[in-house]
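Presented below is the structure to which this report refers.
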Amino acid sequence: MRIVVLVSGSGTNLQAVIEAVKTGELDADIVAVGSDIPGCLGLERAEGAGIETFVVAPADFGSRPEWNRALQAAVASYVPDVVLLAGFMRILDAEFVEAFDGRMVNTHPALLPSFPGAHGVRDALAHGVKITGVTVHIVDSGVDTGPILAQAAVPVREEDTEEVLHERIKVEERKLLVQTLADLSTRTG
Ligand code: GRF
């Protein structure tokens with residue numbers, strides 16, 4: 018299974034996937050890691066692991082559709098079986114989603130369909146839920162609305178801040194993501 022990973026941030030989910038490939042827990046090749054943010058830590062992690070990287074930054078394009086098309090072409094050039102959004106913080110347009118229909122996987126730090134969007138942890142905390150968690154799902158044309166592949170619950174503690182809760186969710190997120198990709202690779206060969 019050929020995976021292209023897109024990241025925008027610290028890349029700890031990416032790191033977990035890199036390690037799972039290394040140990041053989043996940044039978045897959047990370048063929049490239051791409052980002053919208055030049056120099057982000059996720060890209061550094063990929064480079065450290067000897068994985069090819071690419072950047073398609075919105076600032077280099079005149080419009081959002083142009084940026085989307087350029088990113089789509091860059092991803093497609095690696096002929097991936099799976100496109101993994103691992104903390105990729107920009108919304109991809111319908112054309113992009115269609116190009117990789119059913120093969121794009123996202124991880125979201127809340128129990129969807131509750132608390133979609135960029136602030137899933139903050140919104141769950143603000144709502145006062147006692148249990149939140151993480152969802153790994155297939156991307157469709159909505160925001161965090163696609164078919165759910167796996168979920169794990171994380172209890173909210175009285176004293177939680179957004180940061181503390183997010184870190185606890187991310188511990189579960191990394192495990193669930195690796196497990197879900199391993200299941201996919203077993204199914205798809
Ligand atoms: C993850 O919790 C992801 O679900 C969210 O942002 C975080 C990214 O973490 N959208 P990292 O870059 O993998 O460390």
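Residue numbers 18 to 206, in our numbering, belong to the letters of the sequence shown in order. All C-beta atoms in this analysis are idealised placements derived from N, C-alpha and C, irrespective of residue type, glycine included.
Candidates the options, of which the one nearest residue i by Cα
| i | options | result |
| --- | --- | --- |
| His183 | Val48, Glu69 and Ala141 | Ala141 |
| Ala199 | Gly26, Asp46 and Gly28 | Asp46 |
| Ala169 | Arg62, Gly150, Val114 and Asp110 | Gly150 |
| Ile20 | Ile68, Asp177 and His154 | Ile68 |
| Ala143 | Thr152, Glu175 and Leu43 | Glu175 |
| Gly51 | Ala93, Glu42, His125 and Ala37 | Ala93 |
| Met18 | Ile155, Arg62, Tyr95 and Pro55 | Tyr95 |
| Phe132 | Thr152, Val100 and Arg120 | Thr152 |
| Asn30 | Ala103, Val173 and Leu166 | Ala103 |
| Gly56 | Glu42, Val48 and Phe71 | Phe71 |
| Arg185 | His136, Leu23, Val195 and Val173 | Val173 |
| Leu193 | Val100, Asn123, Ala135 and Gly134 | Asn123 |
| Ile108 | Pro97, Val156 and Lys39 | Val156 |
| Ala37 | Ala63, Val195 and Leu101 | Val195 |
| Gly163 | Ser202, Pro126, Met121 and Ile148 | Met121 |
| His125 | Ala76, Ile165 and Val181 | Ile165 |
| Ile148 | Leu201, Pro75, Val73 and Ala127 | Ala127 |
| Leu208 | Asp98, His136 and Val181 | The chain is shown only over 18 to 206; residue 208 falls outside these bounds and no answer can be derived. |
Whole-number beta carbon distance between residue j and residue i, since they are thought to touch under 8 angstroms
| i | j | result |
| --- | --- | --- |
| Ala33 | Arg191 | 4 angstroms |
| Ala87 | Phe78 | 6 angstroms |
| Asn85 | Phe117 | About 12 angstroms; that fails the 8 angstroms criterion. |
| Asp161 | Leu129 | 6 angstroms |
| Asp110 | Pro82 | 7 angstroms |
| Glu179 | Val146 | At roughly 13 angstroms, the Cβ-Cβ gap does not stay under 8 angstroms, so Glu179 and Val146 are not in contact. |
| Val188 | Phe105 | Going by Cβ atoms, the distance from Val188 to Phe105 rounds to 20 angstroms, so no, they are not a contact pair. |
| Thr205 | Ala167 | Rounded, the Cβ-Cβ distance is 16 angstroms, inconsistent with contact. |
| Leu58 | Gly26 | 7 angstroms |
| Gly41 | Arg62 | Contact flag wrong, Cβ pair sits at about 19 angstroms. |
| Leu7 | Val22 | Because the chain spans 18 through 206 in this model, residue 7 falls outside it and cannot be assessed. |
The ligand COA heavy atom lying under 7 angstroms from the CB of residue i
| i | result |
| --- | --- |
| Glu184 | Ligands present in the displayed structure are limited to the ligand GRF, and the ligand COA is not among them. |
Item to check | Those runs of the alpha helix (DSSP H) which lie wholly inside the segment 132-206 and span at least 4 residues | outcome: 137-144 and 179-205
Checklist entry - In chain order, which beta strand (DSSP E) runs of at least 3 residues are fully inside the segment 34-73? => result 46-52 and 70-72
Item to check | Ordered list of beta strand (DSSP E) runs contained in the segment 85-110, each at least 3 residues | outcome: 99-102
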